[in-house]
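Right, one structure below, let's go through it.
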Amino acid sequence: MSSEITAGLDLARNEQGEPALCLVTGATGYIGGRLIRELLLHGYRVRVFARNIERLTSYPWFGQVQVVEGDASDEKAVAKALDGVDIAYYLLHALMVRDDFEAEERSWAEIFSRCAKAQGVKRIIYLGGMAESKSKLSAHLASRAETGEILRASGVSTIELRAGVVIGSGSASFEMLRYLTERLPVMVTPKWVTVRIQPIAVRDVLRYLVGAAVIPQNVNQYFDIGGPEVLTYKDLMLQYAEAAGLKKRIIMPLPVLTPRLSSGWVGLVTPVPITLARRLIDSLKNEVVAKDDSIKKYIPDPAGGLTPFKRAVALALTRIKEANVETRWSNASLPGGPSEPLPTDPKWAGGSLYTDVRTEYSKDPIEKVWKRIESIGGENGYSTATWAWELRGLLDRLAGGVGLRRGRRDPYFLIEGESLDFWRVEAIARPHLLRLRAEMKLPGLAWLEFQAEPTKDGGTKVVQRAIFVPKGLLGQLYWWSVLPMHGLVFPSMIKHVAHDTKIKRRK
Numbered sequence: 013m014s015s016e017i018t019a020g021l022d023l024a025r026n027e028q029g030e031p032a033l034c035l036v037t038g039a040t041g042y043i044g045g046r047l048i049r050e051l052l053l054h055g056y057r058v059r060v061f062a063r064n065i066e067r068l069t070s071y072p073w074f075g076q077v078q079v080v081e082g083d084a085s086d087e088k089a090v091a092k093a094l095d096g097v098d099i100a101y102y103l104l105h106a107l108m109v110r111d112d113f114e115a116e117e118r119s120w121a122e123i124f125s126r127c128a129k130a131q132g133v134k135r136i137i138y139l140g141g142m143a144e145s146k147s148k149l150s151a152h153l154a155s156r157a158e159t160g161e162i163l164r165a166s167g168v169s170t171i172e173l174r175a176g177v178v179i180g181s182g183s184a185s186f187e188m189l190r191y192l193t194e195r196l197p198v199m200v201t202p203k204w205v206t207v208r209i210q211p212i213a214v215r216d217v218l219r220y221l222v223g224a225a226v227i228p229q230n231v232n233q234y235f236d237i238g239g240p241e242v243l244t245y246k247d248l249m250l251q252y253a254e255a256a257g258l259k260k261r262i263i264m265p266l267p268v269l270t271p272r273l274s275s276g277w278v279g280l281v282t283p284v285p286i287t288l289a290r291r292l293i294d295s296l297k298n299e300v301v302a303k304d305d306s307i308k309k310y311i312p313d314p315a316g317g318l319t320p321f322k323r324a325v326a327l328a329l330t331r332i333k334e335a336n337v338e339t340r341w342s343n344a345s346l347p348g349g350p351s352e353p354l355p356t357d358p359k360w361a362g363g364s365l366y367t368d369v370r371t372e373y374s375k376d377p378i379e380k381v382w383k384r385i386e387s388i389g390g391e392n393g394y395s396t397a398t399w400a401w402e403l404r405g406l407l408d409r410l411a412g413g414v415g416l417r418r419g420r421r422d423p424y425f426l427i428e429g430e431s432l433d434f435w436r437v438e439a440i441a442r443p444h445l446l447r448l449r450a451e452m453k454l455p456g457l458a459w460l461e462f463q464a465e466p467t468k469d470g471g472t473k474v475v476q477r478a479i480f481v482p483k484g485l486l487g488q489l490y491w492w493s494v495l496p497m498h499g500l501v502f503p504s505m506i507k508h509v510a511h512d513t514k515i516k517r518r519k
């Protein structure tokens with residue numbers, strides 16, 4: 013079944029009439045891992061070229077692709093990867109190389125070009141960066157442009173797609189935008205926040221990449237690709253705050269903040285590595301607006317049109333949707349959507365999500381442990397630190413919340429959807445899973461989850477997970493302020509459900 017992203021696109025075939033064999037480089041990168049999924053859904057055969065096969069095993073498509081292990085600087089390995097390939101996707105970038113990354117990217121492109129020509133590859137597709145050619149480009153954008161020139165001069169028909177800021181959870185540019193906006197309600201910003209850019213949703217980037225496979229062979233050129241709106245970085249932050257349900261951000265641009273100074277500032281506020289942040293920020297001085305839409309001649313827009321920025325943000329924020337917090341994030345067998353984070357994305361991708369995870373092994377069978385899990389709360393209490401829960405309930409009531417006064421409907425049996433103190437039973441799968449969603453007054457979203465699995469010796473493994481998604485700076489401060497309390501209540505709570513420790517019941 014094809015993806016909605018690639019719906020309506022033709023399928024490229026080889027001379028034998030089979031679906032084309034596509035090589036994807038940069039498979040562990042943000043775009044590469046998602047592109048492979050789309051190519052497979054569209055019916056292509058896929059080969060992956062990666063430096064380390066072990067890094068691919070967490071992807072849901074791993075068992076459906078051919079894999080060639082090797083380094084982009086090793087000409088023999090590149091030639092082996094390109095042997096028999098019809099279409100080669102070039103997604104290699106060296107932005108995280110600390111010194112002279114431009115030379116590294118130039119060398120990779122030259123090796124790839126020679127090998128692609130020698131192996132008879134029919135088409136190279138390269139995702140580059142968009143920028144105003146008349147202005148002085150940043151080192152990052154200049155290197156992207158040079159890579160495109162090298163590939164187009166290879167003698168192999170090459171399509172270079174030039175994009176600006178890509179909007180999707182896991183994209184470095186988007187994560188920088190996300191963390192800045194969420195953590196800073198008031199910002200003194202450099203003047204580059206007023207430069208015009210044309211963001212594009214990752215789903216639209218993927219559509220162009222897959223569609224480029226069937227562009228006629230005599231086409232050997234670059235195309236600008238962008239979303240339906242031209243905005244400034246300030247507009248992006250304001251619209252992101254609105255889409256994420258945050259209060260309006262106060263942004264004050266100052267001409268004295270240089271890219272070097274502001275990259276240090278970004279490094280402090282966000283978890284994006286400072287080397288990467290510096291190169292991305294240096295590129296923001298260049299206007300990135302598509303000069304034409306000639307790509308539409310070959311790849312028409314999807315039925316509903318290209319994705320508006322706020323819609324792209326909403327899709328990227330699906331990680332924190334109700335009922336899909338930790339299961340969707342951690343289970344690599346679930347493919348998810350292109351805008352969502354993958355388990356293999358960098359740790360800083362996907363926005364702030366804090367967890368307190370504790371594991372305990374019980375000698376009791378799972379049925380016995382489950383009874384204790386399902387009877388938690390209400391008059392049964394939570395842990396030996398009952399006073400701490402009562403204090404939290406009192407604070408919630410003072411803030412206008414429900415506190416602990418709702419109690420339990422039944423002391424031993426729960427129904428999905430019912431209230432339990434200041435929780436709501438969001439999911440229950442006896443005797444393995446209980447997930448409670450917080451309904452207390454919080455600057456964010458919170459869950460408490462218990463998982464139980466039988467062990468080989470007849471006992472039970474219990475995993476207790478508290479999850480918090482902060483909303484704005486206040487949410488960040490809240491998590492760190494209550495962290496000491498977690499050290500009091502959470503250890504005794506899991507010991508109780510695992511070992512039936514005696515706790516003081518609430519009356």
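Offset between the sequence shown (1-based) and our numbering: plus 12. Even glycine gets a Cβ: it sits at the ideal position worked out from N, Cα and C.
Span separating the alpha-carbon of Leu486 from that of Lys259: On the sequence shown, position 474 is the one that residue 486 refers to. On the sequence shown, position 247 is the one that residue 259 refers to. Leu486 and Lys259: Cα-Cα distance of roughly 11 Å.
Contact between the segment 76-95 and the segment 50-68 (3+ Cβ pairs under 8 Å): yes
Neighbour-count burial assignment, Arg517, 16 or more Cβ in a 10 Å radius: What you label residue 517 is simply residue 505 of the sequence shown in a count that begins at 1. In this prediction, Arg517 has a pLDDT of 49, which is less than 50 and means its spatial position is unreliable; what the coordinates show is noted afterwards. With fewer than 16 other Cβ atoms within 10 Å, it is exposed.
Span separating the alpha-carbon of Ala315 from that of Leu21: For the purposes of this step, residue 315 is taken as residue 303 along the sequence shown, with counting starting at 1. For the purposes of this step, residue 21 is taken as residue 9 along the sequence shown, with counting starting at 1. In a straight line, the C-alpha of Ala315 is about 12 Å away from that of Leu21.
Assigned secondary structure, Val520 (DSSP; H/G/I helix, E/B strand, else coil): Limits of the chain in this structure are 13 at one end and 519 at the other, which puts residue 520 out of reach.
Top-ranked residue by Cα proximity to Trp204, from Ala450, Asp368, Pro265 and Gly393: In the sequence shown, residue 204 corresponds to position 192, counting from 1. Cα-wise, what sits closest to Trp204 is Pro265.
Span separating the alpha-carbon of Leu192 from that of Ala115: Locating residue 192 in the sequence shown gives position 180, counting from the first residue. Locating residue 115 in the sequence shown gives position 103, counting from the first residue. Rounded to the nearest angstrom, the two C-alpha atoms are 31 Å apart.
Cβ contact check for the segment 51-58 and the segment 88-95: 3 or more pairs under 8 Å: no
Where Tyr7 falls, given that 16 or more other Cβ within 10 Å makes a residue buried: Because the chain in this structure spans residues 13 to 519, residue 7 falls outside the shown range and cannot be described.
Inter-residue CB distance, Ile440 and Leu457 (contact presumed, cutoff 8 Å): For this step, residue 440 is matched to residue 428 along the sequence shown. For this step, residue 457 is matched to residue 445 along the sequence shown. The Cβ separation is near 19 Å, so there is no contact.
Local Cβ density within 10 Å of Ala411, reported as buried at 16 or more and exposed below that: Along the sequence shown, read from residue 1 onward, the residue named residue 411 stands at position 399. By the neighbour-count rule (16 or more Cβ atoms within 10 Å), Ala411 is not buried but exposed.
Beta-carbon proximity of Tyr56 to Pro31, cut-off 8 Å: As a position in the sequence shown, residue 56 is number 44, starting the count at 1. As a position in the sequence shown, residue 31 is number 19, starting the count at 1. Contact: yes.
Segment contact, 8 Å Cβ cut-off, at least three pairs: the segment 299-306 with the segment 218-232: no
Exposure label - Ile262; buried when at least 16 CB within 10 Å: In the sequence shown, residue 262 corresponds to position 250, counting from 1. Label assigned to Ile262: exposed.
Option in Val200, Trp401, Gly176 and Lys246 with minimal Cα separation from Asp216: Stepping through the sequence shown from its first residue, residue 216 is reached at position 204. For the residues Val200, Trp401, Gly176 and Lys246, the minimum Cα distance to Asp216 belongs to Gly176.
Beta-carbon proximity of Gly160 to Tyr234, cut-off 8 Å: Numbered from its first residue, the sequence shown carries residue 160 at position 148. Numbered from its first residue, the sequence shown carries residue 234 at position 222. For Gly160 and Tyr234, yes; Cβs fall inside 8 Å.
Cβ neighbours of Ala225 in the same chain (closer than 6 Å, five flanking residues each side left out): Sequence index remark: in the sequence shown, residue 225 carries index 213 (1-based). The residues are Ala24 and Ile99.
For Val509, the first and last residue of its enclosing beta strand (DSSP E): For this step, residue 509 is matched to residue 497 along the sequence shown. Counting along the chain, Val509 falls outside any beta strand (DSSP E), though it belongs to the alpha helix (DSSP H) covering Gly484 to His511.
Ala335 - DSSP class collapsed to helix/strand/coil: Translated into the one-based positions of the sequence shown, residue 335 becomes position 323. With a pLDDT of only 34 at Ala335, under the threshold of 50, the placement of this residue in the model should not be trusted, and no figure is reported.
Any non-hydrogen atom of the ligand ADP within 7 Å of Leu403 CB: You won't find the ligand ADP in this model; it holds no ligand whatsoever.
Between the CA atoms of Phe186 and Ala253 - distance to the nearest angstrom: In the sequence shown, the residue the question calls residue 253 occupies position 241. In the sequence shown, the residue the question calls residue 186 occupies position 174. The straight-line gap from Cα to Cα measures roughly 13 Å.
Short Cβ contact (8 Å threshold) for Ile408 with Met452: Along the sequence shown, one-based indexing puts residue 408 at 396. Along the sequence shown, one-based indexing puts residue 452 at 440. A quick correction: the sequence has Asp, not Ile, at residue 408. Against a cut-off of 8 Å, the Cβ pair of Met452 and Asp408 comes out as a contact.
8 Å Cβ shell around Val381 - same chain, five flanking residues per side excluded: The residue you call residue 381 lines up with position 369 of the sequence shown. If we look at Val381 and ignore the five residues flanking it on each side, its Cβ neighbours are Ser374, Pro443, Ala464, Thr472, Val474, Val509 and Ala510.
C-alpha distance - Lys88 paired with Phe124, whole-angstrom precision: As a working mapping, residue 88 is identified with position 76 in the sequence shown. As a working mapping, residue 124 is identified with position 112 in the sequence shown. The straight-line gap from Cα to Cα measures roughly 10 Å.
Residue span of the alpha helix (DSSP H) that contains Met188, given as start and end: Your numbering for residue 188 matches position 176 in the sequence shown. Met188 -> alpha helix (DSSP H) spans Ala184 to Arg195.
Beta-carbon proximity check, Val198 vs Arg46, cutoff 8 Å: For this step, residue 198 is matched to residue 186 along the sequence shown. For this step, residue 46 is matched to residue 34 along the sequence shown. Not closer than 8 Å, so no.
Gln251 versus Val325 - alpha carbon distance: For this step, residue 251 is matched to residue 239 along the sequence shown. For this step, residue 325 is matched to residue 313 along the sequence shown. Their Cα atoms are separated by approximately 9 Å.
For Asp236: DSSP bridge partner residues: Translated into positions along the sequence shown, residue 236 becomes position 224. Arg174, per the DSSP bridge assignment.
Cut-off 7 Å between Cβ atoms - residues of its own chain near Asn343, not counting five sequence neighbours on either side: Taking the first residue of the sequence shown as position 1, residue 343 is located at position 331. With a pLDDT of only 31 at Asn343, under the threshold of 50, the placement of this residue in the model should not be trusted; the figure read from the coordinates follows. Taken in chain order, the list of residues that qualify is empty.
Whole-number beta carbon distance between Asn232 and Arg164, since they are thought to touch under 8 Å: The count along the sequence shown starts at 1 and reaches residue 164 at position 152. The count along the sequence shown starts at 1 and reaches residue 232 at position 220. Indeed they touch by this definition, with Cβ atoms about 6 Å apart.
N- and C-terminal bounds of the beta strand (DSSP E) containing Arg449: For this step, residue 449 is matched to residue 437 along the sequence shown. Here the beta strand (DSSP E) through Arg449 covers Leu445 to Ala450.
Counted within 10 angstroms of its Cβ, other Cβ atoms place Gln229 as buried (16 or more) or exposed: By 1-based counting over the sequence shown, the position of residue 229 is 217. Flag for Gln229 reads exposed.
Distance CB(Gln210)-CB(Val242) smaller than 8 Å: The residue you call residue 210 lines up with position 198 of the sequence shown. The residue you call residue 242 lines up with position 230 of the sequence shown. Yes, the pair counts as a contact, with Cβ atoms nearer than the cut-off.
Beta carbon of Glu172 nearer than 8 Å to that of Gly140: By 1-based counting over the sequence shown, the position of residue 172 is 160. By 1-based counting over the sequence shown, the position of residue 140 is 128. Yes, the pair counts as a contact, with Cβ atoms nearer than the cut-off.
Three-state secondary structure assigned by DSSP to Glu402: Position 390 of the sequence shown, counting from 1, holds the residue named residue 402. Of the three classes helix, strand and coil, the one that applies to Glu402 here is helix, per DSSP.
Cα-Cα separation between Asp376 and Lys246, rounded to whole angstroms: Taking the first residue of the sequence shown as 1, we reach residue 376 at position 364. Taking the first residue of the sequence shown as 1, we reach residue 246 at position 234. Cα to Cα, the separation comes out at about 57 Å.
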